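The structure appears right after this line, and notes come after that.
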Amino acid sequence: MGIKTTIHQSVSALARFSAVAATIALVAQVLAAIIFPIAEVILREQAQALPAFVLPTIYTIHVVVGVLATWAFLRGRDFIAAANVATLLASFEKLQEESLAEQAKVASYRGQTQALLAKSAAVQGSASVLQGLLRRRSSGGPDRAEIEALLAPLIRDRSRALEFASDDLYNFVVYAHDPGTDTLVILFRSCDDRIETHNRSWARGRGHVGSAFAQGETIVVRDSSQEGIGLSAGALSTDAQFYVSFVLSPIPNSNPRARDPIGVFVMTSNRAGHFDEDDRILADTFSLILSMYVTFRTGRVSRRGGRSGRR
C-alpha cells in the first residue's frame, strides 16, 4: 500500500469519526437546550432547599456542553472538508495518470506515423533508383553494386523506417537460388560490423531462409528462441545472439509457370519482437523491386556478380 493511499484512508477515517462525533455533539446540544430550561424551572421552585452553588453549576454545565458541541461540530466539518480535498486529490492523480497514458498513446501513434513515412520514403527512393537502372538497358546478370543502390534508401534510414536503435544489430541479405545445387547463396549483404558472419548456403527447406523459399510465403519470426520454424543442423551457437527477429520475403519470379521464387530477401535483428506486420509489407515491397530489377537484368537470378553465401 502506498503512502498516498494510507494518507487518504486515514483522513477518510478521521472524517467519518469526526462526523459521528459532530452528530452526537449536535444531538447533545439539542437535548441540553430542551432539558436544561426544564431543569432550571424545577430547580428555581426548589431554590430555597438547594445549596447556593447548584444553579450556577447547572448554568456553567449548560454553557460548557454548548461550547463543546459547537467545537466538535466545527472540527467535524473541517475533517469532512479535508476528506473531500483528499478525494479530490486522488481524483486529480487519477486524471493525471490517464492523461499520461493518453500522451504515451499519442507519442506511440506519432512514432508509428513517422516510421510509416520513413518506410514510404525508402520505397520511393528505391523505386527511383530502379527507374534509373532500367534506363541503362544493361545486361549480364544482377550486379552487387546496383542491388546495394536499390536497398540503400532502406538501409540508410533503418533507424526511422525499422526503428533500429544503437544497440540493435541490423542485417539485410539478398539470397539467390542456384538451380544447379538447389541452394540459396548470398547475392548481397549489408550488416552491422559487430555481427560475426559465416560462409553458409541454405538448401531448400533448411534453416529459416530455406523454409521461406520452400514455402514461397513471407515469414515473420518475432523470437527465434521461441519459434523453431525451419531450424536445421546448420545453425550455429552465435545465431541466437545475432539473429533473433526475422522477416524473410521470397523474391517472386516474373515467370508465372516458374515453380520457385528467384530468391529470398531477409531482414534480421538481434532484438526479439523487432519486426511486425508493417515490416512484412515493407519486405514484400522490396522483394517486388528486386524481382523487377533481376527480371530486367537476366530474367532469373544467377550467381554472377554475387558472393559466396554467408550468414
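All residue numbers for the sequence shown refer to the numbering used here, where the first residue is 3 and numbers rise by one.
Yeah, the Cβ is synthetic: ideal placement off N, Cα and C, and Gly gets one too.
Predicted, not measured: the structure shown is a model, and the values here were computed from it.
Look at the Cβ atom of residue i, then the Cβ atom of residue j, and state whether they are nearer than 9 Å.
{"i": "H276", "j": "F166", "result": "yes"}
{"i": "R268", "j": "V176", "result": "One point to set straight first is that residue 268 is Val, not Arg, in the sequence displayed. Closer than 9 Å, so yes."}
{"i": "F288", "j": "L189", "result": "no"}
{"i": "A106", "j": "P144", "result": "no"}
{"i": "S227", "j": "A260", "result": "no"}
Below 6 Å CB to CB, which residues in the same chain sit around residue i once its five sequence neighbours on both sides are set aside?
{"i": "Y172", "result": "R160, F166 and D194"}
{"i": "P155", "result": "A124, G127 and S128"}
{"i": "G99", "result": "For the record, residue 99 in the displayed sequence is Glu; it is not Gly. Closer than 6 Å at Cβ, skipping near neighbours: no residue."}
{"i": "T59", "result": "none"}
Between the Cα of residue i and the Cα atoms of the options, which residue gives the shortest distance?
{"i": "H210", "options": "Q133, D225 and A260", "result": "D225"}
{"i": "D170", "options": "Y295, T297 and Y245", "result": "Y245"}
{"i": "A120", "options": "D278, F190 and L284", "result": "L284"}
{"i": "L238", "options": "A274, L290 and E198", "result": "E198"}
{"i": "Y295", "options": "A242, E148 and Q98", "result": "E148"}
{"i": "D2", "options": "E95, R146 and Q114", "result": "Outside the displayed range of the chain (3 to 313) lies residue 2, so it cannot be described from this structure."}
Under 8 Å: does the beta carbon of residue i sit that close to some heavy atom of the ligand MG?
{"i": "A237", "result": "Ligands are entirely absent from the displayed structure, and the ligand MG is therefore not among its contents."}
If you count every other CB in all the chains shown that lies within 10 Å of the CB of residue i, and 16 or more means buried, which is it?
{"i": "T270", "result": "buried"}
{"i": "G212", "result": "buried"}
{"i": "P263", "result": "buried"}
{"i": "D184", "result": "exposed"}
{"i": "A214", "result": "buried"}
{"i": "G232", "result": "Residue confidence for G232 is low, a pLDDT of 46 falling below 50, so the modelled location carries little weight; the figure read from the coordinates is stated next. Looking at its Cβ environment, which holds 16 or more other Cβ atoms inside 10 Å, G232 is buried."}
{"i": "S168", "result": "exposed"}
{"i": "N272", "result": "buried"}
{"i": "V266", "result": "buried"}
{"i": "L135", "result": "buried"}
{"i": "R208", "result": "buried"}
{"i": "A242", "result": "exposed"}
Just to confirm my understanding: we take residue i, look at its own chain, exclude 5 residues before and 5 after, and list those with CB closer than 7 Å. What are they?
{"i": "R282", "result": "T220, V222 and V249"}
{"i": "R206", "result": "D184, G212, F215 and A216"}
{"i": "I291", "result": "S128, A129, L132 and L152"}
{"i": "T240", "result": "E198"}
{"i": "R196", "result": "L171"}
{"i": "L218", "result": "According to the sequence provided, residue 218 is Gly. The question's Leu does not apply to it. Answer for G218: P252 and P263, listed in chain order."}
{"i": "E95", "result": "none"}
{"i": "R138", "result": "none"}
By Cβ distance below 8 Å, which residues in the same chain neighbour residue i in space, the five residues on each side in sequence not counted?
{"i": "A117", "result": "R162, A163, L164, E165 and D280"}
{"i": "T62", "result": "none"}
{"i": "E150", "result": "F190 and S192"}
{"i": "L102", "result": "none"}
Between residue i and residue j, how many whole angstroms is the CB-CB distance? I'm expecting something under 8 Å.
{"i": "D286", "j": "S251", "result": "5 Å"}
{"i": "T297", "j": "S256", "result": "4 Å"}
{"i": "S192", "j": "I157", "result": "5 Å"}
{"i": "S203", "j": "I253", "result": "Contact flag wrong, Cβ pair sits at about 16 Å."}
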